[in-house]
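In the UniProt record's numbering, the protein residues as written are 1 to 173. Glycine residues also receive a C-beta, built at the ideal position from the N, C-alpha and C atoms. Working notes for the structure below.
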């Protein structure tokens with residue numbers, strides 16, 4: 001049985017991520033999508049919210065599970081019995097970054113095999129950070145997100161804007 005792990009912060013999960021998940025689910029017997037915590041990023045959604053969003057987005061894929069974890073990816077791979085680490089590449093910068101991570105993972109566990117998927121051309125320019133930036137400035141990014149996540153993102157940004165208005169009003173009083 002071929003088991004793969006696809007880790008990421010997925011804040012938010014994009015159609016580019018979802019495309020990789022679908023492609024991975026067709027190649028592997030089991031694919032675990034791991035919603036990870038990255039201390040260097042300022043997430044818009046909690047881990048629990050992201051897990052729920054990803055679960056809804058992949059609900060039609062019977063061999064895909066959604067989990068959460070912290071710590072070393074190679075340790076998680078061993079815990080769940082994954083043979084492969086699945087990663088997406090959009091461009092040469094991603095390749096350099098992912099190549100170095102792959103080498104380190106292989107140093108930590110020489111059984112860790114990383115499989116790279118090239119992003120489809122229509123998703124090569126996407127990043128969760130870019131999408132959050134565009135939508136925060138009022139841009140419509142719905143063409144790049146699953147519907148459930150697009151709705152959650154709009155709601156979260158409206159909540160944040162309302163909180164900011166309240167803070168601004170309190171300062172002027």
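Following the DSSP letters along the chain, one finds residue 88 inside the beta strand (DSSP E) bounded by residues 84–89. In chain order, 34, 36, 73 place their CB closer than 6 Å to the CB of residue 7, counting only its own chain and leaving out the 5 sequence neighbours on each side. Between residue 21 and residue 61, the CB-CB gap stays under 8 Å. In the structure shown, residue 141 adopts coil according to DSSP, grouped into three states.
Here residue 127 is exposed, its C-beta having fewer than 16 other C-beta atoms within 10 Å. Beta bridge pairing from DSSP links residue 117 with 88. Secondary structure at residue 33: strand, using DSSP grouped into helix, strand and coil.
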